[in-house]
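*Asks:* Here's a structure for you.
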Amino acid sequence: MKSYRRELWFEVPERLGFVNINPQVEECVRASGISEGLVLVNSMHITASVFINDDERGLHADYARWLEELAPHEPIRQYRHNDTGEDNADAHLKRQVMGREVVVAVTGGRLDFGTWEQIFYGEFDGRRRKRVLVKIIGE
Amino acid sequence: MKSYRRELWFEVPERLGFVNINPQVEECVRASGISEGLVLVNSMHITASVFINDDERGLHADYARWLEELAPHEPIRQYRHNDTGEDNADAHLKRQVMGREVVVAVTGGRLDFGTWEQIFYGEFDGRRRKRVLVKIIGE
Amino acid sequence: MKSYRRELWFEVPERLGFVNINPQVEECVRASGISEGLVLVNSMHITASVFINDDERGLHADYARWLEELAPHEPIRQYRHNDTGEDNADAHLKRQVMGREVVVAVTGGRLDFGTWEQIFYGEFDGRRRKRVLVKIIGE
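Chains as they are written, first to last, in our numbering: chain A, 567 to 705; chain B, 567 to 705; chain C, 567 to 705.
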């Protein structure tokens, strides 16, 4: 069994944003030399997500509006987490809707994807450098 | 290390529906000859889910109603994704609530499940043929 | 390839609660002797979650309030699942928001985590003994 590990770093300039990280994950699979296995891609932060969906700007605007309705940032004082001096409780909630991680099959040395699947980093408390972990195991 | 891959195909006749795919996944585990490992089961489409819950008709009706409240199909024009000519933006949102994939332990050559766990395909933009990927790695 | 399996048991005294299970999962990784691989941690029940977030009491209060808004317990009769004699339909919904499972990288014999990541058991229909599965594969 082989294994491979890499950290990817991002700094989203707004509080909320989505970044297509598919090329970086594909590059990890190539670099790993693994042809059959599983790749785990997860946010190492608890106010961000890794998820798979469509690379379509309108959809990302829909996600942003919808998540703000489900877990609004304001008023900050509605959240007990923010009593600690934070203002990011909503980001911890949004991240649960979108998920922490994805697990993707590696087949024939490539991400084994349907036509429209792309991996995204979802940021809900940005404006600072944050990390994603890529771990691959297989043969 | 052994690996195994199979695609399962479904065509749900309505826009939204749930299909118990546990027997097909169990058959994949048997066919793989893997006794200890992990199985990944994921939708290859971004408007559908794979999830684990109860095989109970009333619960599925509750999921359908609840998801429609959280991410209503109508009015279609409320979603920027639908400006592209699609009408399925809500399906991309519903799928995030229910999840893309499950990872299940394989122990002694079987799905290592609690009493009530069953794997479902959740369709949110049906009436066409769509795929689920089963990938198993282990020994 | 090595594999390791253990069940963890919990009894949350209220209907809803969160338990930090990170120490038990770390102990499983140590006991497994696996230094590079993946660990799957999942609820074996369909009214409970395993998720990763912050060990902060205020945030857990926020999760409890938010989940009750998204999927209220009362009135019980609003859910068709409860026509079967159950009163826990809401727990099946809450669990989908928070997720069934997490997959975590094992690197150098340890959980490969960001600074604030901690694994939690999320109970939505407690007051009875319930199980979490830990499965580790790797080398």
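Note that beta-carbon positions come from the ideal geometry of N, C-alpha and C, so glycine has one too.
So what's C:A597 in DSSP terms, helix, strand or just coil?
*Replies:* The count along the third sequence starts at 1 and reaches residue 597 of chain C at position 31. In the structure shown, C:A597 sits in a helix (DSSP, three-state: H, G or I).
*Asks:* Please state the DSSP three-state secondary structure of A:T650.
*Replies:* For the purposes of this step, residue 650 of chain A is taken as residue 84 along the first sequence, with counting starting at 1. DSSP places A:T650 in helix when its eight states are reduced to three.
*Asks:* Hey, out of C:G674, C:V668, C:E640, C:Q684, whose CA is closest to C:D656's CA?
*Replies:* Here residue 656 of chain C refers to the residue found at position 90 of the third sequence. The shortest Cα separation from C:D656 among C:G674, C:V668, C:E640, C:Q684 belongs to C:E640.
*Asks:* Cβ closer than 8 angstroms: which chain A residues qualify as neighbours of C:D656?
*Replies:* To locate residue 656 of chain C, count along the third sequence from 1; it is residue 90. The contacting residues do not exist; C:D656 stays about 16 angstroms from chain A at best.
*Asks:* Compare the C-beta of C:E580 against all C-beta atoms of chain A and say whether one is closer than 8 angstroms.
*Replies:* Taking the third sequence and counting its residues from 1, one reaches residue 580 of chain C at position 14. False, the Cβ-Cβ gap to chain A never drops below 8 angstroms.
*Asks:* Is the Cβ-Cβ distance between C:R581 and C:A614 less than 8 angstroms?
*Replies:* Along the third sequence, one-based indexing puts residue 581 of chain C at 15. Along the third sequence, one-based indexing puts residue 614 of chain C at 48. The answer is no: Cβ separation not under 8 angstroms.
*Asks:* With DSSP as the reference, identify every bridge partner of B:L574, one or two as the case may be.
*Replies:* Along the second sequence, read from residue 1 onward, the residue named residue 574 of chain B stands at position 8. DSSP lists B:V698 as partners of B:L574.
*Asks:* Mind checking which residues open and close the alpha helix (DSSP H) that includes B:E635?
*Replies:* The residue you call residue 635 of chain B lines up with position 69 of the second sequence. Per DSSP, B:E635 belongs to the alpha helix (DSSP H) from 623 to 636.
*Asks:* Based on the DSSP output, what are the partners of A:N608 in its beta bridges?
*Replies:* As a position in the first sequence, residue 608 of chain A is number 42, starting the count at 1. Paired residues: A:E667, A:L699.
*Asks:* List the residues that DSSP assigns as beta-bridge partners of A:E689.
*Replies:* Working through the first sequence from its first residue, we reach residue 689 of chain A at position 123. A:E689 is bridged to A:G583, A:A614.
*Asks:* From the beta carbon of B:Y645, is the nearest beta carbon of chain A less than 8 angstroms away?
*Replies:* Position 79 of the second sequence holds residue 645 of chain B. Yes, contact with chain A.
*Asks:* Leaving aside the five residues before and after C:L636 along the sequence, list all residues of the same chain whose C-beta is less than 8 angstroms from its C-beta, in chain order.
*Replies:* Along the third sequence, read from residue 1 onward, the residue named residue 636 of chain C stands at position 70. Here the set comprises L659, K660, V663.
*Asks:* Residues in its own chain within less than 6 angstroms of C:D653 by CB, not counting five upstream and five downstream?
*Replies:* The count along the third sequence starts at 1 and reaches residue 653 of chain C at position 87. Once the five neighbours on either side are set aside, the close Cβ partners of C:D653 are I642.
*Asks:* Whose CA, out of A:L604, A:D649, A:H626, lies closest to the CA of A:E592?
*Replies:* Here residue 592 of chain A is taken as the residue at index 26 of the first sequence, counted from 1. Ranking the options by Cα distance to A:E592, first place goes to A:L604.
*Asks:* Quick one: any contact between the region 669 to 683 of chain B and the region 694 to 704 of chain A, if contact means 3 or more CB pairs under 8 angstroms?
*Replies:* Not touching, per the Cβ criterion.
*Asks:* Please report the distance separating the alpha-carbon of C:P579 from that of B:T650.
*Replies:* For the purposes of this step, residue 579 of chain C is taken as the residue at position 13 of the third sequence. For the purposes of this step, residue 650 of chain B is taken as the residue at position 84 of the second sequence. Answer to the nearest angstrom: the Cα atoms are 50 angstroms apart.
*Asks:* On the CB-based measure, 16 or more other CB atoms within 10 Å of its CB, does A:A597 come out buried or exposed?
*Replies:* For this step, residue 597 of chain A is matched to residue 31 along the first sequence. With fewer than 16 Cβ atoms within 10 Å of its Cβ, A:A597 is classed as exposed.
*Asks:* What does the Cβ neighbour count give for B:G599, buried or exposed, with the cut at 16 atoms within 10 Å?
*Replies:* Start at 1 with the first residue of the second sequence, and residue 599 of chain B comes out as number 33. Burial call: exposed.
*Asks:* Quick one, which of A:V670, A:R631, A:L574 has its alpha-carbon nearest A:S609's?
*Replies:* Within the first sequence, the letter at position 43 stands for residue 609 of chain A. When only C-alpha atoms are compared, the closest one is A:L574.
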